[in-house]
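Numbering (our numbering), first residue to last: -18 to 421.
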């Protein structure tokens, strides 16, 4: 645990991620912090759905009195909130119960649990996330569709400008703001890329420690949304916010070092060594079982469309972007696998923890993957789960994932997601109105 900085902002946001990855917490005056009596916060935040409701069954089991938890700032995540007036900072917190034990259904604690499993075996994962999002017009409460945001001088994009070096200039004031604010907040972004969709941007982070990178991704989402609002935009991290254009992904590059700092995924004559193959085999075997953790919403499944920049299966290949799992071209020491399956709506802590858990099981069981796919993986069968309901049933029944990630976490997560799914099923969609309403 990092030491408390000598200089802190006078006002501090104490943050944790709920199961959807949304920031929850409280704002305090820094002078009131007392290490002997950590700030308290409602434990019910982990039982809260995206609609603002609270699930009953798991809360009745784990938090029947609607108690408090304790927030212990992890000062390694501390940084400024430069988009807020005055002296304002933020820090991600560990969540603890009254005995000082980590809350098992906090997704950040789930990731820490996985990192500790690797460390006990003398292994240390290294990750690099990539995150895509759309710039949209602000949404009204009763809106049934989302719309692209116009850029400078009202100029809109209509597609066809993927990877353009100039197209992002339409949004230069916003992007300049993100660059400046991220530097001031100690959240370094290594690159910006115009993605395939109109008004779609990708942010890249350099490779590093899994918990640190998950913290940074969590905080960067908050920062990007704040900057977008300052410029009259909505930054949407939905997996599929618009029809007929690519969805937004959250890709994770992952390697594993030993205690000597040597990458055990280092390529040998350009090919994956046994450890990397087994990790990939684990992803192929276990990601379908864990899919609800990385495709957490009904909207997540709309992204998996052939030829729209999202995978439809868990084929793997060397430098093959049509596959769900890619071994990028790199020098031998840079050997790694890129998990391309999750959407931008994923909880950053769960994206990382799930990838590490599935890879771990593959390495433990020495699972050999399929042969690397040499052609267009969109021509291979679609094998990902069909919808959230199916994914939740599979996740809830898997004992090995529950043992790794904790039974309490799986139970609470599935309860929250089933509650959201029940709420979704109460509402008519525009498709039903358009086609069924007029013809049946």
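Cβ coordinates follow ideal geometry from the N, Cα and C atoms, glycine included.
Can you tell me whether residue i is helix, strand or coil according to DSSP?
i: residue 347; result: coil
i: residue 299; result: strand
i: residue 139; result: coil
i: residue 339; result: helix
i: residue 35; result: strand
i: residue 83; result: strand
i: residue 259; result: helix
i: residue 324; result: strand
i: residue 381; result: helix
i: residue 11; result: helix
i: residue 329; result: helix
i: residue 208; result: helix
i: residue 114; result: strand
i: residue 422; result: Residue 422 lies beyond the residue range present for the chain, which begins at -18 and ends at 421; the question has no answer from this structure.
i: residue 49; result: strand
i: residue 57; result: helix
i: residue 173; result: strand
i: residue 232; result: strand
i: residue 270; result: coil
i: residue 354; result: coil
i: residue 183; result: strand
i: residue 200; result: helix
i: residue 78; result: coil
i: residue 418; result: helix
i: residue 314; result: helix
i: residue 398; result: helix
i: residue -6; result: strand
i: residue 407; result: coil
i: residue 63; result: coil
May I have the straight-line CA-CA distance separating residue i from residue j, to the nearest angstrom?
i: residue 72; j: residue -16; result: 13 Å
i: residue 121; j: residue 128; result: 11 Å
i: residue 341; j: residue 143; result: 35 Å
i: residue 58; j: residue 196; result: 7 Å
i: residue 66; j: residue 158; result: 15 Å
i: residue 355; j: residue 311; result: 18 Å
i: residue 165; j: residue -6; result: 16 Å
i: residue 371; j: residue 147; result: 42 Å
i: residue 234; j: residue 419; result: 47 Å
i: residue 296; j: residue 365; result: 11 Å
i: residue 172; j: residue 417; result: 45 Å
i: residue -18; j: residue 307; result: 34 Å
i: residue 260; j: residue 348; result: 8 Å
i: residue 227; j: residue 300; result: 20 Å
i: residue 214; j: residue 97; result: 40 Å
i: residue 160; j: residue 168; result: 9 Å
i: residue 184; j: residue 131; result: 20 Å
i: residue 368; j: residue 326; result: 15 Å
i: residue 54; j: residue -4; result: 8 Å
i: residue 88; j: residue 94; result: 10 Å
i: residue 99; j: residue 318; result: 17 Å
Excluding five sequence neighbours on each side, which residues of the same chain lie with their C-beta closer than 7 Å to the C-beta of residue i?
i: residue 413; result: none
i: residue 139; result: 179
i: residue 397; result: 0, 28, 30 and 36
i: residue 63; result: 162, 165 and 166
i: residue 262; result: 343, 348, 349 and 350
i: residue 353; result: 297, 298 and 299
i: residue 32; result: 401 and 404
i: residue 203; result: 4
i: residue 339; result: 263, 264, 267, 268 and 271
Go through its chain and collect everything with a Cβ distance to residue i's Cβ below 8 Å, but skip five positions before and after it.
i: residue 34; result: 400 and 404
i: residue 21; result: 49, 50, 51 and 52
i: residue 153; result: 133
i: residue 357; result: 303
i: residue 156; result: 149, 173 and 182
So, for residue i: in the same chain, excluding its five sequence neighbours on each side, which residues have a beta-carbon less than 6 Å away from its beta-carbon?
i: residue 105; result: 238
i: residue 247; result: 313, 314 and 316
i: residue 61; result: 70, 165 and 166
i: residue 47; result: 25
i: residue 377; result: 395
i: residue 266; result: 348
i: residue 200; result: 168
Could you check if residue i belongs to the surroundings of the ligand ADP, using beta carbon to heavy atom distance under 7 Å?
i: residue 306; result: The ligand content of the structure shown is nil, which means the ligand ADP is not present either.
What whole-angstrom Cβ distance do residue i and residue j have, given they're in contact under 8 Å?
i: residue 170; j: residue 390; result: Actually they are not in contact, since the Cβ atoms of residue 170 and residue 390 sit about 30 Å apart, beyond 8 Å.
i: residue 275; j: residue 363; result: Contact flag wrong, Cβ pair sits at about 17 Å.
i: residue 328; j: residue 2; result: 3 Å
Establish whether the CB of residue i and some CB of chain C are separated by less than 8 Å.
i: residue 297; result: Annotation note: the requested chain C is absent from the structure, which comprises a single protein chain.
Margin query: With a threshold of 8 Å, are at least 3 pairs of Cβ atoms found where one atom belongs to the region 276 to 284 and the other to the region 251 to 260?
Written below: The region 276 to 284 vs the region 251 to 260: no contact.
Note to self: I'd like to know if the region 94 to 112 and the region -2 to 12 are in contact, where contact means that at least 3 CB-CB pairs between them fall below 8 Å.
What the structure shows: The answer is no - the region -2 to 12 does not touch the region 94 to 112, with fewer than three Cβ pairs under 8 Å.
Next item on the list: Would you check if there are 3 or more beta carbon pairs closer than 8 Å linking the region 265 to 281 to the region 369 to 387?
Entry: The region 265 to 281, when compared against the region 369 to 387, does touch it at the 8 Å Cβ threshold.
Next item on the list: Inspect the CB distances between the region 315 to 329 and the region 217 to 235 and report whether three or more fall short of 8 Å.
Entry: Touching, yes.
Margin query: Assess contact between the region 188 to 204 and the region 325 to 340, defined as three or more Cβ pairs (one per stretch) separated by less than 8 Å. Is contact present?
Written below: As far as the Cβ criterion goes, the region 188 to 204 touches the region 325 to 340, which means the pair count is three or higher.
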